[in-house]
Amino acid sequence: MRDGYELSGVSLTYGRRTVLDGLDLHIGAGECVAVLGPNGAGKSTLLRVLTGHAPERRGAVHLDGIPLEEYSRETLARRVAVVPGEASLPFAARVEEVVALGRVPHEDPLRGMRAADHAAVAAAIERVGIADLVGRDARRLSLGERQLVVLAMALAQAPRILILDEPTVHLDLRHQVDVMELLVQLNSRDGVGVVAVLHDLSLAAHFFPRLILLDRGRIVADGAPDEVLSPERIRAVYGVDPALVRR
Amino acid sequence: MSAGAASRPRPAVHVGRLETLRHRPLLVAAGGLVALGAVVVAGVALGNVALPVGDTIGILARHLLGWPVTATWPASAETIVFDLRLPRVLTAVVVGAGLAVAGTTFQGLLRNPLADPYVLGTASGAALGAALAVLIPVRIALLGFGLLHLFAFVGALLAVAAVWRLSRQTSLSSLTALLLTGYAVGSLLAAGLSVAMYASGAQLRQIVFYLLGGFSGASWPQLAAATPLVVVGSLLILARARSLNALLLGEEAAANLGIAVRRERAILLALAALVTAAAVAVSGLVGFVGLVVPHLVRLLVGPNARVVLPLSAIVGAAFLALADLVARIPGELPVGVVTAIVGAPFFLLILRRARAGYEV
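Going line by line, the protein sequences match chains B and Y. Those letters in the first sequence? Residues 1 to 247, by this note's numbering. Those letters in the second sequence? Residues 1 to 360, by this note's numbering.
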């Protein structure tokens, strides 16, 4: 059994609709992978499978050689951090308090955050470049700023694998590139595995060495950007003129 | 970030800036404890027979703290303090702390600022229990406990248990299911309560008295029974503050942060229900404390449950002891009326002037 994620025969149906259809997939622990595909292709569902939120799935999912079901939530959270597509809060909270939630799997249940935890929070804020947001109410931020806060929270979690659901969807171009560069750097410098669902094919092709293209619950292509994003395939999967995707 | 981002200067994070609010919880705790001490002394000193504050502090210091204070007061003063007022004031303290802790827990668990300790049927369960106890012609009283306290306690717990069980059989998302089931069960129990009140005849006043809440019937044995439940329940909730914090972000995000959501939610719900049931069994239905105090504390110190829970306990205790004192001055108003009259305008004022950086 290889390290990282190993999926074999993973299928998932909601009612009569097949969302994932027999996926076989290996994502190494230190890989940097973008998951692409049209709306409803099963991208987010695949992430839910990876993070153990799809108990009704069939097939086997192993993480570092161990069946995913055998991980406790806490052990899994120390290895895998998730940047969700959306996050909401019922009460006002300062940006740094939201980032500090990333320390939940590491902090002492009784004593709470200690010096190392506070340092990890400060480092994550620094790294994502949101120091100027410190002290502000996270609920009053723009969607893009909130996305960065949630990313910082996931970094504070100090994971070995980072899973992101459309992390750049609300960001301006500058921040999209910043986040992509951060992910690449996390992967190359810190050895963190990255699995990101992306909609922007150009960004994905530019920054990610491996792309997985999903369509109607199946993997239709998996490999380097040039192989995966051929004009014929873009036309077949997305039904658009490939010229619209500029490389 | 890498080279591309380096051209834009970014402010560095000063850890000191992250810690600017670290001292605020201590200030709030100190202020709350001073207020609590003052309210307890005032609550013991004031009443039909006003005792000099010096004597009151002397009696409390001599008997509670064992200080060698010379008795300059009549023996009757000690009787008033120990037999009448102290159990009453301390019951208000314990109930106030318990309701505030339970309110904080329910609001966090349900991710709902409108939640209070009574949201999942505890209130109507306790009320129906109390009403049935009043209707049962057998009078059992043991050490100051009546059937009413027991039935109210059991009624509150049964109501929450029913809500929990029923909510898991729906196809709704778990939070929506809990809230809606709580509303449905609460309405059903309230209908039962109405029937009981209709049938109660001359005993109606006794039921209404319970519904409005109060501490005039407080006694040492009741206090001794309720206190361990409230204290132990609250401490166990505090030990799970981490789960409450993670649950702020919702079920799935909390699971991604390492929380076994179903288990933690069930445990926290059971503990908060236990604390609430112990409180309403001795005090009746005192409203407002469990809703407002957690918000007040969050406005001051933010949403971290590890801080909010203990501070809510202190503030809730002081607030309810004060409300009980105010309720006694005109001659026994129901304390629930006072908590609303004192608390509502105060709360509205805070909401308007929330400049602390935190909002509800």
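Glycine included, each C-beta is placed from N, C-alpha and C at the ideal position.
Thinking C-beta only, is residue j closer than 8 Å to residue i?
{"i": "Thr91 of chain Y", "j": "Gln222 of chain Y", "result": "yes"}
{"i": "Val308 of chain Y", "j": "Arg24 of chain Y", "result": "no"}
{"i": "Val228 of chain B", "j": "Leu213 of chain B", "result": "yes"}
{"i": "Glu264 of chain Y", "j": "Arg240 of chain Y", "result": "yes"}
{"i": "Ser8 of chain B", "j": "Leu20 of chain B", "result": "no"}
{"i": "Phe319 of chain Y", "j": "Val289 of chain Y", "result": "yes"}
{"i": "Ala196 of chain Y", "j": "Leu128 of chain Y", "result": "yes"}
{"i": "Ala305 of chain Y", "j": "Val89 of chain Y", "result": "no"}
{"i": "Gly144 of chain B", "j": "Leu171 of chain B", "result": "yes"}
{"i": "Ser283 of chain Y", "j": "Leu193 of chain Y", "result": "no"}
{"i": "Val41 of chain Y", "j": "Gly121 of chain Y", "result": "no"}
{"i": "Ser188 of chain B", "j": "Val245 of chain B", "result": "no"}
{"i": "Gly52 of chain B", "j": "Gly217 of chain B", "result": "no"}
{"i": "Arg2 of chain B", "j": "Arg79 of chain B", "result": "no"}
{"i": "Ala279 of chain Y", "j": "Gly98 of chain Y", "result": "yes"}
{"i": "Leu311 of chain Y", "j": "Val28 of chain Y", "result": "yes"}
{"i": "Thr227 of chain Y", "j": "Val94 of chain Y", "result": "yes"}
{"i": "Thr168 of chain B", "j": "Gln157 of chain B", "result": "no"}
Could you name the residues of chain Y that residue i contacts, counting a contact when the two beta carbons are closer than 7 Å?
{"i": "Ala37 of chain B", "result": "Correcting the residue type first, residue 37 of chain B is Gly in the shown sequence and not Ala. The premise fails here: Gly37 of chain B is roughly 21 Å from chain Y at the closest Cβ pair, so nothing lies under 7 Å."}
{"i": "Leu110 of chain B", "result": "Ala239"}
Listing by chain order, which chain B residues have their CB less than 7 Å from the CB of residue i?
{"i": "Arg298 of chain Y", "result": "Phe91"}
{"i": "Ile350 of chain Y", "result": "The premise fails here: Ile350 of chain Y is roughly 13 Å from chain B at the closest Cβ pair, so nothing lies under 7 Å."}
{"i": "Arg262 of chain Y", "result": "Under the 7 Å cutoff, chain B gives no residues; its nearest Cβ is about 10 Å from Arg262 of chain Y."}
{"i": "Asn304 of chain Y", "result": "Glu97"}
{"i": "Ala272 of chain Y", "result": "Simply none; closest approach about 16 Å."}
{"i": "Gly242 of chain Y", "result": "The amino acid at residue 242 of chain Y is misidentified as Gly; the sequence shows Arg. Those within 7 Å of Arg242 of chain Y in chain B are Val104, Glu107 and Pro109."}
{"i": "Ala313 of chain Y", "result": "Within 7 Å Cβ-Cβ: nothing; Ala313 of chain Y doesn't reach chain B, min ~17 Å."}
Alpha carbon to alpha carbon, how far is residue j from residue i? Give it in angstroms, no decimals.
{"i": "Pro74 of chain Y", "j": "Val53 of chain Y", "result": "14 Å"}
{"i": "His206 of chain B", "j": "Glu252 of chain Y", "result": "31 Å"}
{"i": "Val81 of chain Y", "j": "Ala317 of chain Y", "result": "19 Å"}
{"i": "Leu141 of chain B", "j": "Leu247 of chain Y", "result": "20 Å"}
{"i": "Ala130 of chain Y", "j": "Leu238 of chain Y", "result": "30 Å"}
{"i": "Ile219 of chain B", "j": "Gly258 of chain Y", "result": "30 Å"}
{"i": "Gly96 of chain Y", "j": "Gly343 of chain Y", "result": "13 Å"}
{"i": "Leu178 of chain Y", "j": "Ala266 of chain Y", "result": "11 Å"}
{"i": "Tyr210 of chain Y", "j": "Val326 of chain Y", "result": "19 Å"}
{"i": "Ala120 of chain B", "j": "Leu158 of chain Y", "result": "44 Å"}
{"i": "Leu151 of chain B", "j": "Gly37 of chain Y", "result": "45 Å"}
{"i": "Phe347 of chain Y", "j": "Leu211 of chain B", "result": "54 Å"}
{"i": "Gly191 of chain B", "j": "Asn245 of chain Y", "result": "29 Å"}
{"i": "Arg235 of chain B", "j": "Gly223 of chain B", "result": "18 Å"}
{"i": "Leu133 of chain B", "j": "Val292 of chain Y", "result": "29 Å"}
{"i": "Leu204 of chain Y", "j": "Arg262 of chain Y", "result": "41 Å"}
{"i": "Gly4 of chain Y", "j": "Val61 of chain B", "result": "Residue confidence is low: Gly4 of chain Y scores 42 on pLDDT, short of 50, so the model does not pin down where it sits. No coordinate-derived value is stated."}
{"i": "Arg8 of chain Y", "j": "Ser72 of chain B", "result": "Low per-residue confidence applies at Arg8 of chain Y: pLDDT is 46, beneath 50, and the placement is therefore not dependable enough to give any value."}
{"i": "Arg10 of chain Y", "j": "Gln185 of chain B", "result": "Reliability of the predicted coordinates at Arg10 of chain Y is poor, the pLDDT of 48 falling under 50, and no value is obtained from them."}
{"i": "Leu63 of chain B", "j": "Pro55 of chain B", "result": "15 Å"}
Figure out for me which residue from the options has the closest Cα to the Cα of residue i.
{"i": "Val35 of chain B", "options": "B:Asp241, B:Gly59, B:Asp117 and B:Pro209", "result": "B:Pro209"}
{"i": "Thr104 of chain Y", "options": "Y:Ala273, Y:Arg88, Y:Val69 and Y:Ala130", "result": "Y:Ala273"}
{"i": "Gly4 of chain B", "options": "B:Asp226, B:Leu162 and B:Asp222", "result": "B:Leu162"}
{"i": "Leu110 of chain Y", "options": "Y:Leu351, Y:Ala340, Y:Leu249 and Y:Val342", "result": "Y:Leu249"}
{"i": "Val208 of chain Y", "options": "Y:Ile59, Y:Gln107 and Y:Val335", "result": "Y:Val335"}
{"i": "Val98 of chain B", "options": "B:Leu23, B:Met153 and B:Ala120", "result": "B:Met153"}
{"i": "Glu96 of chain B", "options": "B:Val61, B:Ala81, B:Asp226 and B:Ala138", "result": "B:Ala138"}
{"i": "Val197 of chain B", "options": "B:Arg48, B:Leu23 and B:Ile125", "result": "B:Arg48"}
{"i": "Leu147 of chain Y", "options": "Y:Ala278, Y:Ala133 and Y:Leu157", "result": "Y:Ala133"}
{"i": "Tyr14 of chain B", "options": "B:Arg57, B:Arg2, B:Pro109 and B:Ala29", "result": "B:Arg57"}
{"i": "Arg17 of chain B", "options": "B:Ala29, B:Ile125 and B:Gly40", "result": "B:Gly40"}
{"i": "Asp165 of chain B", "options": "B:Arg114, B:Val82, B:Asp190 and B:Val184", "result": "B:Val82"}
{"i": "Gly108 of chain Y", "options": "Y:Ile341, Y:Leu268 and Y:Gln203", "result": "Y:Leu268"}
{"i": "Leu183 of chain B", "options": "B:Ala124, B:Arg136 and B:Ala221", "result": "B:Ala124"}
{"i": "Ala92 of chain B", "options": "Y:Leu189, Y:Pro303, Y:Leu166 and Y:Val338", "result": "Y:Pro303"}
{"i": "Val34 of chain Y", "options": "Y:Val315, Y:Gln169 and Y:Thr181", "result": "Y:Val315"}
{"i": "Ile27 of chain B", "options": "B:His199, B:Pro231 and B:Val194", "result": "B:Val194"}
Cβ-heavy atom distance between residue i and the ligand PLP below 7 Å?
{"i": "Glu232 of chain B", "result": "In the structure shown, the ligand PLP is absent, as is every other ligand, since no ligand is present at all."}
Note down, in chain order, every chain B residue with its Cβ under 9 Å from the Cβ of residue i.
{"i": "Ile259 of chain Y", "result": "Arg73, Glu74, Ala77, Val104 and Pro105"}
{"i": "Glu252 of chain Y", "result": "Arg48, Thr51, His53, Val82 and Pro84"}
{"i": "Asn48 of chain Y", "result": "What Asn48 of chain Y touches in chain B: nothing, since even the nearest Cβ is about 43 Å away."}
{"i": "Arg24 of chain Y", "result": "Going along chain B, no residue has its Cβ under 9 Å from Arg24 of chain Y, so there is no contact; the nearest lies around 12 Å."}
List the residues of chain Y that residue i touches, going by C-beta distances under 8 Å, in chain order.
{"i": "Arg114 of chain B", "result": "In chain order: nothing, as chain Y lies at least about 12 Å away."}
For a contact defined as C-beta to C-beta under 9 Å, what are the partners of residue i on chain Y?
{"i": "Ser230 of chain B", "result": "Near Ser230 of chain B there are no residues of chain Y at all, since even the closest Cβ is about 28 Å away, more than 9 Å."}
{"i": "Ala312 of chain B", "result": "Outside the displayed range of chain B (1 to 247) lies residue 312 of chain B, so it cannot be described from this structure."}
Given that residue i touches chain B, what residues does it touch there, using C-beta distances under 8 Å?
{"i": "Ala246 of chain Y", "result": "Leu101 and Val104"}
Do three or more CB pairs link the stretch 102-110 of chain B to the stretch 85-92 of chain B at distances below 8 Å? no
Could you list the residues in the stretch 111-136 of chain Y with a C-beta less than 7 Å from some C-beta on chain A, going in chain order? The chain inventory of the structure shown lacks chain A, comprising the protein chains B and Y.
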